[in-house]
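> The structure under discussion is supplied below as structure tokens; questions concerning it will follow.
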Amino acid sequence: VQLQASGGGLVQPGGSLRLSCAASGQIFSINVMGWFRQAPGKQRELVATITNGGSINYSDSVKGRFTISRDNAKNTVYLQMNSLKSEDTAVYYCYAYGPYGPSRNDYWGQGTQVTVSS
């Protein structure tokens, strides 16, 4: 499975960005897709995930501001980020895993930089 992320950039505080992540390869094995982020000097942290069935999980720090969605026909997951804050500045990584159970594999895309600054 390959994950190709896009959509990062520079935005002012309060602004919006949308990230996209397209999956290719053995996508039938994927159950969960989502996003992590890593700010300078900090550990990588979960942002949001979405399952094949549409179950969604957000970190507390982005609830109410970010929306994750998934287009199964396009094998693509999106992260709509609104009301961005300087603390959202990080490299954002697309993530996927599947299948459930002992045969699970985890996949990572290349990072895309999001910078929130005036």
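If you read the sequence shown in this note's numbering, its first letter stands for residue 25, the second for the next number, and so on.
The C-beta atom is built at its ideal place from N, Cα and C for all residues, glycine as well.
Computed from a prediction, not measured in an experiment: that's the story for all the values here.
Within 10 angstroms of the Cβ of F52, are there 16 or more other Cβ atoms? Answer buried if so, exposed if not.
Burial call: exposed.
> Could you have a look at I51 and say whether DSSP puts it in helix, strand or coil?
Correct three-state label for I51: helix.
> If you run the structure through DSSP and keep just helix, strand and coil, what is S110?
Looking at S110 - three-state DSSP - the assignment turns out to be helix.
> Do Q62 and A114 have their C-beta atoms closer together than 7 Å?
Result yes, Cβ atoms of Q62 and A114 sit closer than 7 Å.
> Grab me the residues of L108's own chain with a C-beta within less than 6 Å of its C-beta, minus the 5 sequence neighbours each way, in chain order.
Within the same chain, L108 has close Cβ partners V35, G39, V140.
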